[in-house]
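This report concerns only the one structure given below.
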Amino acid sequence: MLTRKQLDLLEFIHKRVQRDGVPPSFDEMKEALDLRSKSGIHRLITALEERGFIRRLAHRARAIEIVKLPDTISKKTGFTPRVIEGDRPNDPPPPAALAVEASALELPVMGQIAAGVPIEAISHESHRVAVPGQMVGKGHHYALEVKGDSMIDVGINDGDIVVIRESSTADNGDIVVALVEDQEATLKRFRQSGNTIALEAANPAYETRLFRDDQVKVQGKLVGLIRSY
């Protein structure tokens with residue numbers, strides 16, 4: 000059995016992963032549950048992990064994987080937990096595994112994207128990467144390798160691959176590929192107020208950068224993440 004707060008947190012994490020491809024930060028969890036401190040979130044996270052609903056990935060800041068959901072959430076979202084069978088090379092894969100493999104798509108990796116100080120704009124394909132078909136929807140998609148640590152509080156780490164859906168627009172709170180002054184590309188959370196655009200890091204070591212709206216062009220929105228270990 001889960002407490003109301005534990006259930007609320009699990010549902011919030013699930014919705015944010017479905018929307019952004021990455022879990023929310025502890026600050027976002029604290030605000031969503033109206034708690035006064037992060038220590039309350041730590042206790043809830045620990046309780047969910049002990050009960051087998053989530054898994055925290057070792058040596059990865061804020062990296063959380065949902066293992067299962069209670070029926071009250073699963074029925075609303077259609078969530079199907081991933082089952083890890085273990086090392087059984089002689090057994091044939093189950094039909095579901097075959098379907099997942101068959102639906103895998105190859106996307107071009109268009110170089111590196113800075114999760115830190117912006118780097119030179121991406122302009123060429125370096126290689127290709129296979130991603131699950133269910134990770135992408137309509138529209139054109141591409142992948143980028145993350146360079147830097149400015150987005151670690153949302154589980155995006157140096158060396159990870161992010162999957163991007165091409166888009167020239169974004170809503171406040173979206174994690175986007177932003178082209179700054181037609182020269183530099185960076186991965187940040189997007190905020191706009193009037194004619195000012197803020198590109199926010201998810202690491203307190205980095206300051207939010209402010210630009211005029213004519214200095215920033217949105218190149219795409221984050222839809223998925225492939226972890227690098």
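Under numbering that gives the first Met the number 0, residues 0 to 228 are what the sequence shown spells out, in order. Just so you know, even glycine gets a beta-carbon here, dropped at the ideal spot from N, CA and C.
Count the other C-beta atoms from every protein chain shown that fall within 10 angstroms of the C-beta of residue i, then say buried if there are 16 or more, exposed otherwise.
| i | result |
| --- | --- |
| P80 | Here P80 scores only 41 on pLDDT, less than 50, and its place in the model is too uncertain to base an answer on. |
| S24 | buried |
| G154 | buried |
| Q5 | buried |
| R3 | exposed |
| P22 | buried |
| N89 | Legend: pLDDT at N89 = 41, less than 50; position of this residue unreliable, no value from coordinates given. |
| T204 | In the sequence under discussion, the amino acid at residue 204 is Ala, which differs from the Thr named in the question. The residue is exposed, with fewer than 16 neighbouring Cβ atoms inside 10 Å. |
| N156 | buried |
| D86 | Caution is warranted here: a pLDDT of 33 is assigned to D86, below 50, making its placement in the model unreliable, and the coordinate value is therefore given only provisionally. When all chains shown are included, D86 counts as exposed. |
| Q218 | buried |
| R15 | buried |
| S149 | buried |
| E105 | exposed |
| D33 | exposed |
| L209 | exposed |
| D19 | buried |
| E27 | buried |
| H41 | exposed |
| H13 | buried |
From which residue to which residue does the alpha helix (DSSP H) around residue i run?
| i | result |
| --- | --- |
| Q5 | R3 to D19 |
DSSP beta-bridge partners for residue i?
| i | result |
| --- | --- |
| F25 | None; F25 has no bridge partner. |
| E48 | Partner(s): none; E48 has no beta bridge. |
| R55 | I63 |
| P107 | R127 |
| T207 | None; T207 has no bridge partner. |
| T195 | S192 and R211 |
| V176 | L186 and G219 |
| A113 | K146 and T185 |
Have a look at the options and flag the residue whose alpha-carbon is nearest the alpha-carbon of residue i.
| i | options | result |
| --- | --- | --- |
| L221 | V215, P203, N202 and V162 | V162 |
| N194 | E30, M109, Q214 and L178 | Q214 |
| K29 | R18, T168, V16 and L43 | L43 |
| G158 | R211, F189 and K146 | K146 |
| G172 | F210, L1, E165 and Q191 | Q191 |
| A31 | V175, F11, Q17 and G39 | F11 |
| I160 | S167, D170, D212 and V176 | V176 |
| I225 | E49, R35, V135 and A46 | V135 |
So the beta strand (DSSP E) residue i belongs to, where does it begin and stop?
| i | result |
| --- | --- |
| I304 | The structure shown has nothing for residue 304, since the chain only spans 0 to 228. |
| R164 | I160 to E165 |
| L34 | L34 -> no beta strand (DSSP E), and no H or E assigned at all. |
| Q140 | Checking the displayed sequence, the identity of residue 140 turns out to be His instead of Gln. Element bounds for H140: H140 to K146. |
Are there any heavy atoms of the ligand COA lying less than 8 Å away from the beta-carbon of residue i, as far as the coordinates show?
| i | result |
| --- | --- |
| P107 | With respect to small molecules bound, the structure shown includes none, and the ligand COA cannot be examined in it. |
Whether or not the segment 127-145 and the segment 195-210 are in contact is what I'm after, with contact meaning three or more pairs of Cβ atoms, one per stretch, closer than 8 Å; do they touch? With the cut-off at 8 Å, the segment 195-210 and the segment 127-145 do not touch.
Measuring CB atoms only, is the segment 44-56 touching the segment 178-185, in the sense that at least three cross pairs come out at less than 8 Å? In this structure the segment 44-56 does not touch the segment 178-185; the number of beta carbon pairs closer than 8 Å is below three.
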